[in-house]
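Report on the following structure.
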Amino acid sequence: MPSVSLRRLLVADLDDVDLPPLMDLCAGVISLARRLRKKILLPLGATPLEFALIRRGDEVWVSVYTTSSTPAVHQLNRRTALAPLLNACAQSLLDNARFQTDPHLRHSAARMAERAQGALPKLRHNNLTREDMKRSDCSAHETEEPVAKRGGSFEAPSKMIPLAFGYEASIHSGTANIPAHSVRADVHALLFEGELWAFLRGRRIHLAKGPIMLVVQRMVAAIRHAVDAWQDDRPSNVRLRLGSFQIGLRVDRTEEATITLGRGTEYVTATALTLEEAVLPILRTATELLRALVSVDRAQGRNLRVRVLREECRDLRRAIRAKRKRSAASFLNHDPDFIRAPHQSERTKEATNAVTTPRALRFQQRWCLDIDGLDASATFLCGDRLVLSTPARTLALSRNDGRLLWSRESGGGSALMAGSVLLRLTPEGDVDLCDVGDGEPFASCRIAPRAGGPPVAFSCPGGGSTPPVAVLGAGNNQLVAIDLRNGELRWQYEYGGTGTPQFSRSGRVLLWTTGNEMIRAVDLATGEDLWCFSGPGRFPFAPVCSHDTVVATCPSPESSTTVVGVDLYRGALRFECSLDQIPACPPINGGDTVVVGTTDARGGSLHGIDPSTGTRVWTIPDPGLGLGGCGLLVDDLLVINAPGGPVSAIGLSNGNMRWQHTFGDPIADEVPRKLEPVLRGGGLFVPGGSVRVVRPQDGSPLGNVPTSDLVPDLIRVDERSWVYAAEENGAIAAYAPVPHLTLIPGGASRRRHDGRQ
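In terms of numbering that gives the first Met the number 0, the sequence shown opens at residue 0 and continues consecutively.
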């Protein structure tokens, strides 16, 4: 039996909770003390309870919770010193060994107590053996600070959006003990702390503070009951609670939904909603929180709890779409005059326009594949094949029919494309340079494993005196340049401090910042330190280079933005100007104009800055760039694809809005992971709820790629205008333009004039 002191250290106020078996508990604490593991999960055999022990410096955080579908937390992250806990484990083992009649059990308990006592001196002096360091999956110098994630709505949305959510979460990275070949359940990973709020009919209501994922799971469970009843064409009325939080969701026979959200005695009810308006914002919030968790700790992609919840959200969205498709099989023609026969002159004009620029393009799905664990961000179009990545394998598909060309084990790492070379990185620091033709490595090297955070990579194809290199993040604060021709290390740079580097490049000059007050520049060919600029504040975004001026933005203490211009080759300050709001997005290089996005409580703005003088040329309201939108430069236009469907084109010279469209439904449509438009063959491919094709000069629609069966988290377009859409952890599909005939006016007369029949 565990001693009273051991129980007091683990669960001081939980008298009715049993402790895990003493031998298992002591073995886990010893593993934490020797840094062989960062996290120990100890389930109980008699009751559906689980203990989670996580080492944080010289402390152990102890959590106790149920393992049901909707977990109940009995204790979350109780902090206890590791040395007293280790000593209490050893003493409990020695006390139990005296009462053991079985000599084998007595000997095992004594040996375990000896190991615990032997780990105490190493713990006090932080003195690990060489074997411990070799087997350890964590570093004594690793960062233990949580990663802050924010998302959703921070201000009341427009009246057109009746329900919206916002959140702030603090997620710790690098605690998962899930091997690459395994899928395991880790309930504790979903217990990260944060705040969750909702805007219901414009009114803000606080929903939860603490493990907000439990509240989101409760809302998803309510949606499942409502959708199941809705599919069976029967009304539903469900109310669920979790502590002080409550959700009520009612759907009547006319498919009108009523939702009630509240905490404690404060409740808000919204009526006369459609089912999509009531449930899709909840599903979107759940998906965004899961993506935030996996982005901080990629091993959580193999967490069975994460996969089940993600698949639950996906199934609910598909169920709603499937029934809507069935109900929308018949419809009315709202423009009957369009099909009436026009005059002859109008027909001639339309035919002429069809020759120069097709009025419409139709796309047809050629193939679709479901790929479990697909990493949409690691989907690359390489000539006649697509290279894809999952946590277990890297594979190549024929772009014409989706046929598998080759498949290679990835070892739980990540895949990157540097020019025409495929890089495979493992968590242990092994880097393979592979030929996309067969996937076989032609060179390899080894770098220090990156300690926490997402992979850092920047590809430089080279040219002239610059060799082709890939700059990778290594260790805690290192950059390593690898020659893409032979895999040799060309240079290594230690930048100091913490943070994830953000890069930009101009010729041989590589620029980056890590979120501090410094902008650094090195020579890509040699790694020579060229210059370092210290600004008036922290630079949250990568700088851009316009001509020979580096432009960067940093927030000022007065809730404003300072825009600095630095000489590219010298690092000297050229100008400094101030804007009224704080930075909202990375600056965009538009040649003679640099576009800077800012925001505050009133909304966002875009500013055109002259990079030669720092003069503000124009200012307009932000159409969505600072809200997570992506921009693309097309001649003298900046095309912005914003979340929710708005697409805008802004003239770089004067800031005038050339054209603007809203594609899709901001409530019903999912927001893709990447909103970056693609320009190919004179058409602009814009991802959203589906992929729209427009003419970039005037925004006139050219076609729609029907990707309703999947969310186009990433799209690729080849030279034939084939569109390849990939959904994160889901599927990939190919869509091709449907061939059509075009009438050429006067074609017969021209043939007779040329003397050909």
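Ideal Cβ positions, reconstructed from N, Cα and C, are used throughout, including at glycine.
Task: Spatial distance of Leu292 from Pro453 (CA atoms) - done: Cα to Cα, the separation comes out at about 12 Å.
Open item on the list: For a quick check, are the C-beta atoms of Glu255 and Thr273 less than 9 Å apart?
Closed with: Taking 9 Å as the cut-off, the beta carbon of Glu255 is found closer than this to the beta carbon of Thr273.
TODO: Leaving aside the five residues before and after Ser559 along the sequence, list all residues of the same chain whose C-beta is less than 8 Å from its C-beta, in chain order.
DONE: Hits under 8 Å: Ser577, Leu578, Asp579, Gln580 and Ile581.
- [ ] Just the C-alpha distance for Ile39 and Leu24, rounded to the nearest angstrom, thanks.
- [x] Straight-line Cα distance between these residues: approximately 9 Å.
Task: Whole beta strand (DSSP E) elements within the segment 196-224, 3-residue minimum - done: Complete beta strand (DSSP E) runs here, min 3: 202-210.
- [ ] Could you tell me whether the segment 659-668 touches the segment 641-648, using the rule of 3 or more Cβ pairs below 8 Å?
- [x] They touch, by the three-pair rule.
Open item on the list: Here's the rule: buried if 16 or more other CB atoms are within 10 angstroms of the residue's CB, otherwise exposed. What is Glu575?
Closed with: Answer is exposed; the Cβ neighbour count stays below 16.
Open item on the list: Taking 6 Å as the limit between beta carbons, can you name the residues of its chain near Leu598, skipping five residues before and five after?
Closed with: Note that residue 598 is Thr in the sequence shown here, rather than Leu. Within the same chain, Cβ atoms closer than 6 Å to the Cβ of Thr598 are found at Gln580, Ala583 and Gly625, the five residues on either side in sequence being excluded.
Task: Backbone secondary structure at Ile281 - three-state DSSP - done: Secondary structure of Ile281 (DSSP, three-state): helix.
Task: Beta-carbon proximity list for Ala108, same chain, < 6 Å, skipping 5 on both sides - done: Shown here for Ala108: same chain residues with a beta carbon closer than 6 Å to its own, the five before and five after excluded, namely Leu92, Asn95 and Ala96 in chain order.
Open item on the list: Measuring alpha carbon to alpha carbon, tell me which residue in Pro665, Gly165, Asp621 and Arg715 is nearest Pro642.
Closed with: Distance from the Cα of Pro642 is smallest, within the candidate group Pro665, Gly165, Asp621 and Arg715, for Pro665.
Task: Any non-hydrogen atom of the ligand COA within 8 Å of Ile204 CB - done: By its list of ligands, the structure shown contains no ligand whatsoever, and the ligand COA lies outside what it can speak to.
Open item on the list: Can you tell me whether Tyr266 is buried or exposed? The criterion is at least 16 other CB atoms within 10 Å of its CB, across all chains shown.
Closed with: Classification for Tyr266: exposed.
Task: Bridge partners - Gln74, DSSP secondary structure assignment - done: In DSSP, Gln74 forms a bridge with Val63.
TODO: Quick one: which unbroken beta strand (DSSP E) runs of 3-plus residues sit fully inside the segment 522-559? Chain order, please.
DONE: The segment 522-559 contains these whole beta strand (DSSP E) runs: 528-533, 543-545 and 548-555.
Open item on the list: I'd like to know if the segment 405-416 and the segment 374-390 are in contact, where contact means that at least 3 CB-CB pairs between them fall below 8 Å.
Closed with: Segments in contact, yes.
Open item on the list: I'd like to know if the segment 234-243 and the segment 303-321 are in contact, where contact means that at least 3 CB-CB pairs between them fall below 8 Å.
Closed with: No contact exists between the segment 234-243 and the segment 303-321.
- [ ] Please determine, among Phe191, Arg200, Gly201 and Gln501, the residue with the shortest C-alpha to C-alpha distance to Val214.
- [x] The residue with the shortest Cα to Cα distance from Val214 is Phe191.
TODO: With DSSP collapsed to three states, give me the class of Gly630.
DONE: If DSSP states are grouped into helix, strand and coil, Gly630 belongs with the strands.
- [ ] Spell out the partners DSSP gives Asn703 in its beta bridges.
- [x] Secondary-structure assignment with DSSP links Asn703 through a beta bridge to Arg361 and Arg691.
- [ ] Would you kindly check if the distance between the Cβ of Ala89 and the Cβ of Ala112 is under 9 Å?
- [x] Between Ala112 and Ala89, the C-beta gap is smaller than 9 Å, which places the two residues in contact.
- [ ] Give the secondary structure of Asn588 by DSSP, where H, G and I count as helix, E and B as strand, and everything else as coil.
- [x] Three-state DSSP puts Asn588 in a strand.
Open item on the list: Considering only their Cβ atoms, is the gap separating Arg309 from Leu279 smaller than 9 Å?
Closed with: Their beta carbons are not under 9 Å apart, which means Leu279 does not touch Arg309 by this criterion.
- [ ] For my contact list, Arg504 and Asp522 are in at a C-beta cut-off of 8 Å; report their separation, rounded to the angstrom.
- [x] About 11 Å separates the two Cβ atoms, so there is no contact after all.
Open item on the list: Going by DSSP in three states, Asn86 sits in which element: helix, strand or coil?
Closed with: The three-state reading of DSSP puts Asn86 in helix, counting H, G and I together.
Task: Buried versus exposed call for Arg172 [16 or more other C-beta atoms within 10 Å across all chains shown] - done: It should be noted that the sequence gives Ser, not Arg, for residue 172. Burial is judged here by how many other beta carbons sit within 10 angstroms of a residue's own beta carbon; Ser172 has at least 16 and is buried.
- [ ] Name the two residues that bound the continuous beta strand (DSSP E) containing Val593.
- [x] Per DSSP, Val593 belongs to the beta strand (DSSP E) from Val593 to Asp599.
- [ ] Please determine, among Glu726, Arg114 and Asp697, the residue with the shortest C-alpha to C-alpha distance to Ala32.
- [x] Considering only Glu726, Arg114 and Asp697, the residue with the shortest C-alpha distance to Ala32 is Arg114.
Task: Three-way DSSP call (helix, strand, coil) for Pro102 in this model - done: In this structure, Pro102 counts as helix in the three-state DSSP scheme.
- [ ] Kindly say whether Leu162, judged by its beta-carbon, lies nearer than 9 Å to any beta-carbon of chain B.
- [x] The structure shown contains no chain B, having only a single protein chain.
Open item on the list: If contacts are defined as beta-carbon pairs under 8 Å, then Arg384 and Ala395 qualify, I think. What distance do you get, rounded to the angstrom?
Closed with: Correct: roughly 5 Å between the Cβ atoms.
Open item on the list: For Pro738, count the other beta carbons within 10 Å of its own beta carbon; 16 or more makes it buried, fewer makes it exposed. Which is it?
Closed with: When all chains shown are included, Pro738 counts as exposed.
Open item on the list: By the three-class DSSP mapping on this structure, what secondary structure does Gly247 have?
Closed with: Gly247 falls in the strand class under three-state DSSP.
Open item on the list: Across the segment 397-406 and the segment 417-433, are there enough close Cβ pairs to call them in contact, namely three or more that are closer than 8 Å?
Closed with: Taking a contact to require three or more Cβ pairs closer than 8 Å, the segment 397-406 and the segment 417-433 do not qualify as touching.
- [ ] Starting from the C-beta of Met218, find all residues in its chain whose C-beta is less than 6 Å away, skip the five residues before and the five after it, and write them out in chain order.
- [x] So the list reads Ile246 and Ile281, once near-sequence residues are dropped.
TODO: Output the distance between the C-alpha atoms of Leu13 and Tyr64, rounded to the nearest integer angstrom.
DONE: Leu13 and Tyr64: Cα-Cα distance of roughly 12 Å.
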